[in-house]
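Those protein sequences? They're chains A and B, same order as listed.
Letter 131 of the first sequence, counting from 1, is numbered 131 in UniProt numbering, and no numbers are missing.
Letter 56 of the second sequence, counting from 1, is numbered 56 in UniProt numbering, and no numbers are missing.
From the three backbone atoms N, C-alpha and C, an ideal C-beta is built for every residue, glycine too.
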Amino acid sequence: MEVNVLFLLFSLLITIFSLISSTKSSSISILGVTPQDENYYQTETIKCRNGSKKFNRAQLNDDFCDCPDGTDEPGTSACPHGKFYCVNVGHLPVSLHSSKVNDGICDCCDGSDEYDGEVKCPNACWEAGKVTRHKLKKKIDIYKEGVTIRKREVERAKQAIAKDKEELLKLKNNEKSLKGLVKKLKAHKEQIEKVEEKERLVKEKEEMMKMAVDGKSDDEQKESSSSTTLDSESNGPSDEPSVDQKDEYENTEGMPTDGSESTEGLLREELGRHVASRWTGEKTEHQVEEVSPNKYNHGDNNEIPESTGDKDHENSDDANHVRKDYEDSTTRLSDIQERIASLTEKLKQDFGMEKEFYFFYDQCFETKQDKYVYKVCPYKDASQEEGYRKTRLGQWEKFENSYGSMLFSNGDGCWNGPGRSLKVKLRCGLKTELTDVNEPSRCEYVALMSTPIHCLEGKLEELERKLESMRSEQLQGGHDEL
Amino acid sequence: MSSATATKLPSANEPEPAPAPLADQIRPLILSLSVYHDGILRLKIDEDYDHSDPPCPKTRFQVPDVITPEFDSNKLWLQRLSTETLNDESSPSTVVYLSDGYDAVLRHDPFEIYVRDKQSGNQKLISLNSHQLFDFEQLRVKKEGEEDGENWEERFRGHTDTRPYGPQSISFDVSFYSAEFVSGIPERAMSLALKPTRGPGVEKDVEPYRLFNLDVFEYLSESPFGLYGSLPLMISHGKEGRSAGFLWLNAAEMQIDVLGDGWDAESGIDWVKQKRIDTFWMSEAGIVDAFFFVGPGPKEVVRQYTSVTGRPAMPQLFSIAYHQCRWNYRDEEDVENVDAKFDEHDIPYDVLWLDIDHTDGRRYFTWDSALFPQPEEMQKKLAEKGRHVVTIVDPHIKRDDSFRLHKEAAEKGYYVKDAGGKDFDGWCWPGSSSYLDMVNPEIRSWWGDKFSYENYVGSTPSLYIWNDMNEPSVFNGPEVSMPRDALHLGGIEHRELHNSYGYYFHMATSNGLLKRGGGNDRPFVLSRAFFPGSQRYGPVWTGDNTADWDHLRVSVPMILTLGLTGIPFSGADVGGYFGNPGPELLVRWYQLGAFYPFFRGHAHQDTKRREPWLFGEKNTRLIREAIRVRYMLLPYFYTLFREANTTGLPVMRPLWMEFPSDEATFSNDEAFMIGSSLLVQGIYTEGKKYASVYLPGKELWYDIRIGDAYKGGKTHKMDAAESVPALQRAGTIIPRKDRLRRSSTQMVKDPYTLVIAVNSSQAAEGELYMDDAPFSSSKSQFSSKSIIERIILLGYAPGPKNALIEPANQKVEVELGPLMLGGSRGSSVVTIRKPAVKVSDDWTIKIL
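Put into structure tokens, the structure is as follows:
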């Protein structure tokens, strides 16, 4: 019983609809033509838009293509590359490719693209329109809030930049005066050292005399220094590439591939992986191991010089005091210079038309997807991490698409291709967060980031206009907003 | 026993006695000659298993399930047999009737078999063992105390091949007479005409052509090296338009030499001076099972060959439209986006392909549940637009006890065994894998059942299959394949059947789909490996090519060779699989690929995305136009596939197949015919705006886009800036469907356009085939409501205003219209506007 009632209601609705649309359209509208274009078709003889030909009214929508550009068949599929306009009362109007007219598939929500009786397309514009409007309204709400946040951020950025600039100015002044001080101290220090040097030479002469008497050699010292050289060398050769494997890639192109040339030492399973890697470009375990070690060697070398100061000679308190002052000032100067450099570097960046991206500078954003953690640091770099394994997806390059996306390029190299790259597309959202990361082409990554910074006022106005126009269509269609 | 004659031969034709250890093992061989309908001679030579002493240790492998059952019923039982002593020879010959105009002759001593052509004064057409290079190594068992050596074991790059029966190869020479060139024996990336491999002027290091199915990584664009498939059929062609063919049905590794003029001192002093090409054939194992095809033309040779190995399957319409593939469309969202973009850009396509990474860990018949959580829903959405999905199913099965397919196969003992009798374990995409023993019909049938909707969870009726890696590819095997001493059903060594492995796998899959559809749904299964008979089970493609101009160029002779050897449904990956094509190369590839019988864009996972809309507006338009031309011509292509299905004739043909005595066409690998009506010239170099096109024959040719006429028998310079030259031959009618749709499915009810190009006697003819597939049921008669919306007349002077349709007695307008809608040229060709006659009715239209 219930089913029957429902069915009746439904068919009633359709009847109303078709009544409305037929009374509305029968007088003037031509199937598939936009309201703006209707005047073009009012004459008895009509020109093809590209001027190639003329046709008469009887040839309009007669399901035979007379104009190669499709002017005469806006409502049929007869001409390739034509456009069919569906009114979609209650929703947004759409221009379809004429290839979709009477093809048995409902494309317009009002069903007007399928009229040859082969398929019945119910009018779904009202429902679909409601959903769309609802979504649109939600989007507008987010935009409204986002625009406010954005304004605040722009204001904060302005202040922060002003503060940075102020600091920079102050630092530069400090630098100037410190430089003077350092110069003075240096002169003083050199003076003292000259005196000391003299004293030292005298002392040395005395000692030489003494040594000549003792006849002692300095063999021991030599020995110990040569052993340190050996040590440091043993750190070196770890980054030697595995020649075998590289050679193979070059040699086997187009040859009868067998996979076992110079790989006889491999186990059968390793051989399988190795040959598979030609197609996939994935590194076999051998290769992975080569990559890592040489990156972490730096630290050891830096420590060496510090331990090699000799504190043999005596110093007067005064000399020590000057020396300490000098060292302190130099350190302070270099700290200030470092800070100046980093501030200058920061202020050089492109923070957007209103400096709205200022606070992106010192931030990183992360998202976890499957086994990978993606990390994006604007103005710096982006990476993909899996446990301790880090792949650089790119270094900061620039904004693209009028600040609609961020581009990172020149990341770690790809087998058979260029370096990795990442494009971060920005969306309007209330929080700044990295959402989706994809790899649509091998080693070309695309990520989505939502942020209030991308909630643009112009876009908000556009959305509001769209909603407005949908509402007015709705009113024309005779439905109340539910 | 044969119908015509049988004789016993000494096993080897060596002039000197064989070395002692072999001599005591010589056993007699059985030779049989049979004659079949349509001029086909069959020669078989095998061991005499009944009367051998010492006994033969095992039966040599004869390839089963290739020759069609119908062929066997075509055997002639005529006893027209005579013994003559020919010319001034000392020994007699037995002469057998072959067909009208042809005899088969068996000369007794020295043994020689040939076909002679009565019309040309009994000249030889094709012969075997004219140079006495016949050799047959008989199976042996290693004796105690006999030394190891190459005869019993071979080591190759860390692999060891054991040979329990010793060497077992067979060789002989075959000569083709009145031949300018020979072609065939795919698959290799090189010219259609086979260059000599031995003889004066040939470099020393040139190797014989090899037939051994292999997964070759980044194959070169100009190399005689054997690739994924093997088809031991050779076709000769000569000046008078004369063709003959020779097939050796044998699935072991084969090597074939084409011997250049003067390769042998004797070859110059034949008493009849006849242009001749000698060839030398050698196989590692098996038997002699050879077929001679008399022609007389190339079309007849292909017809004769496909009467032995089967006519090509009739494909479904969707499968001859455009296919979109990539390793890999990552997930359901990716699929949805790509699909939507085609619609957005108004570019039609019919099939979306999913490569290995759609599966759960490369276990075929499964789905990665994170990437493809709702495969049925995804297929349904595409099917609503008339589109299909193809998933990959390869022959290597992941050795994983939690994988049901593996567990079942292992329990039933369905895997190929290694030389030690254990399940062979090789490395492929899923890692450690085993391979089903597809030569066994029971296993094929079991495999076929895996394609039922019930077994293949997540499959729907719009899903079809792709068989890759079926050479078989084994990453850690010798030459990236299976060891030759691996064991199949009943102790068959892998070396004996290697080249047919992929064929049986293809067969099993195709039969599985047939069963799935209750016999009413034509299967679609793409295979990479092939063998004689593959044409019955679906298309093949030329494997992992590369995105460069030379690979574009070589695709044409490769596809032409496949067509000549009975596989009409083939293509090369559009764009090139490895590497990134520049926009110009990609556009040229689409323009040429739109005429490949199998038309699919595909790309390796390391390449950049290259869907048709990613290269700017102009290139998108050019690619859309290229694909649109294919869709317009679908009725013509479908008709040609039907012709292939009934006669074996290729869809894409070398020019000399249509113009057999035009010598200017013999070495033309750049242009080809689609059917007998359409000539296409590819563009194979960068920056070309014009092409020079040789047009054979005496009739005019019409540019299919703008209708310009060109004289035959000449080379013309043609505009090729925005398309590749394509011309319709005068005297033909090409059926088209001009309405653009999103897939071929929506075109079924669309009206036709006929393009009639009249010849010098104002006549033209053509064919149109249509059917009710895939919904064919034999109960009701098929009828079509389709009408003809437009008839275009090329070579007909403008003037008439009306035409009269009879018997309806209805007048319709005649006017000037465009040859191709949306084209650059305006209205210039005579067009009958809206005749609206039904294609299924009889009617006449008179121009008034």
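Rounded to whole angstroms, the Cβ separation of I623(B) and P612(B) is 4 Å, and the two are in contact under 8 Å.
Beta-bridge annotation (DSSP): P735(B) is paired with L754(B). Within the segment 356-408 of chain B, the complete alpha helix (DSSP H) segments at least 4 residues long are 375-384, listed from N- to C-terminus. K100(A) counts as buried, since no fewer than 16 other beta carbons sit within 10 angstroms of its beta carbon. Taken through DSSP and simplified to helix, strand or coil, Y694(B) comes out as strand.
Note that the C-beta distance between D331(B) and F365(B) is not below 9 Å.
Secondary structure remark: continuous alpha helix (DSSP H) runs of at least 4 residues inside the segment 55-113 of chain B, in chain order: 69-72. Taking a Cβ-Cβ cut-off of 8 Å, the neighbours of D103(A) in chain B comprise R741, R742, Q746, given in sequence order. Scanning chain B for C-beta atoms nearer than 8 Å to the C-beta of H81(A) yields D346, L740, G822, reported in chain order.
Taking all protein chains in view, the Cβ of R155(B) is surrounded by fewer than 16 other Cβ atoms within 10 Å, so the residue is classified as exposed. Residue-level contact by beta carbon fails for N61(A) and chain B, as no gap is shorter than 9 Å.
Residue-level contact by beta carbon fails for H506(B) and chain A, as no gap is shorter than 9 Å. Looking from the CA of V758(B), the closest CA among G226(B), S677(B), D719(B), R741(B) belongs to S677(B). For E765(B), the number of other beta carbons within 10 angstroms of its own is below 16, and it is reported as exposed. The Cβ atoms of G576(B) and L585(B) sit closer than 9 Å to each other. Three or more beta-carbon pairs separated by less than 8 Å are not found between the segment 474-492 of chain B and the segment 536-551 of chain B, which leaves the two stretches without contact.
Less than 9 Å divides the Cβ of C121(A) from the Cβ of E114(A). The residue among W549(B), E722(B), G697(B), S786(B) with its C-alpha nearest the C-alpha of K689(B) is E722(B). Per DSSP, the continuous beta strand (DSSP E) segment holding N467(B) begins and ends at 463-467. Note: T620(B) is not bridge-paired with any residue in the DSSP secondary-structure output.
Taken through DSSP and simplified to helix, strand or coil, R742(B) comes out as coil. Look at W843(B) here: in three-state DSSP terms it is coil, with no helix or strand label. Remark: C-beta atoms of S32(B) and L43(B) approach each other more closely than 9 Å. Of all residues in the segment 450-465 of chain A, none has a C-beta nearer than 9 Å to a C-beta of chain B. Among the residues facing chain B, V373(A) is not included, as its CB has no counterpart in that chain under 9 Å away.
For V96(B) and F292(B), the gap between their C-alpha atoms comes out near 14 Å. Against chain B, the beta carbon of A276(A) has neighbours under 8 Å at W427, C428, W429, F475, listed in chain order.
Between D69(A) and N39(A), the gap from beta carbon to beta carbon reaches 9 Å or more. In the structure shown, M449(A) adopts extended strand secondary structure according to DSSP, grouped into three states. Note on K398(B): 16 or more other CB atoms within 10 angstroms of its CB, so buried under the neighbour-count rule. Short of 8 Å from the beta carbon of V829(B), and not among the five residues preceding or following it, lie these beta carbons of its own chain, in chain order: G707, I792, L793, L794, L816, G817, P818, L819. For P93(A), no CB of chain B lies under 9 Å from its own CB, so it is not counted at the interface with that chain.
For C86(A), the three-state secondary structure derived from DSSP is strand. Take R60(B), set aside five residues on each side of it, and the residues of its chain with a beta-carbon closer than 8 Å to its own are D46, E47, L139, Q168, A285, G286, I287, E496, in chain order. Bridge pairing for F365(A): V376(A) [DSSP]. For D750(B), the nearest CB of chain A lies under 9 Å from its own CB, placing it at the interface with that chain.
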